[in-house]
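Residue numbers (this note's numbering), protein chains in the order written: chain B, 1 to 111; chain G, 1001 to 1112. We put the beta carbon where it would ideally sit given N, CA and C, even for glycine. Here is the structure we will look at, set down as structure tokens.
Set out below in structure tokens:
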């Protein structure tokens, strides 16, 4: 059974703090790892797609890394802002087209 | 222009009814998906269509059937609705090469 885990489940940080979350996934039959940002009452928006071991992607203050051998990805947010408050989802796509979402990490940034 | 649009946004219906949720994408993507957000807020994939062929069919009841009249549309038909079908359903599209999914705004289905 394929399982994608995320930790922590929820996180409260002060504005200006930097933070990071973890996504762990099965390393067998791996094809791609996606990160999404999901604000309340909206639909998920793609942040990053990573496929190669050692991939690092960056978009503004947000960055992500990928380790396919050990089956984990980190998402980092530098200098958190209130508008970063959202649920961050990771999704693992296998080589046989199965897509599994993790449960998400809910981030609240306190002004 | 909305990239992936779903209609309706809200749907309240009685048990036993048959209903459809429409999804259209104007991104030229070749793959479309239906996801169900369950009671624990998890996103679970239901169907995936690539160039009008079903390529993933998760273990969903056969009361649920995807219908794709063309590459830009993937509608979800649900027969004999049950209370447990109440959820938010998301449509999404992606390209085979780029792979990241673009989601619709979701349809909140309530079965009473």
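* To do: Report all residues from its chain with a CB closer than 7 Å to the CB of residue 1037 of chain G; omit the five preceding and five following residues, and keep chain order.
  => 1043, 1087, 1088, 1090
* Asked: Under 8 Å between C-beta atoms, does residue 1018 of chain G make it to chain B?
  -> no
* Hey, out of B/111, B/95, B/52, B/59, whose CA is closest to residue 46 of chain B's CA? -> B/59
* **residue 5 of chain B in three-state terms, based on DSSP** => strand
* To do: Assuming residue 69 of chain B contacts residue 27 of chain B (C-beta within less than 8 Å), just tell me the rounded distance between them.
  => 6 Å
* **Cβ neighbours of residue 1064 of chain G in the same chain (closer than 7 Å, five flanking residues each side left out)** => 1046, 1076, 1078
* Cα-Cα separation between residue 1084 of chain G and residue 1069 of chain G, rounded to whole angstroms -> 28 Å
* Asked: If we count the other Cβ atoms within 10 Å of its Cβ and call it buried at 16 or more, is residue 1029 of chain G buried or exposed?
  -> buried
* **residue 26 of chain B, DSSP secondary structure in three states** => coil
* Return the chain-ordered list of same chain residues with a C-beta closer than 8 Å to the C-beta of residue 32 of chain B, the five sequence neighbours on each side being excluded. => 49, 50, 51, 92, 93
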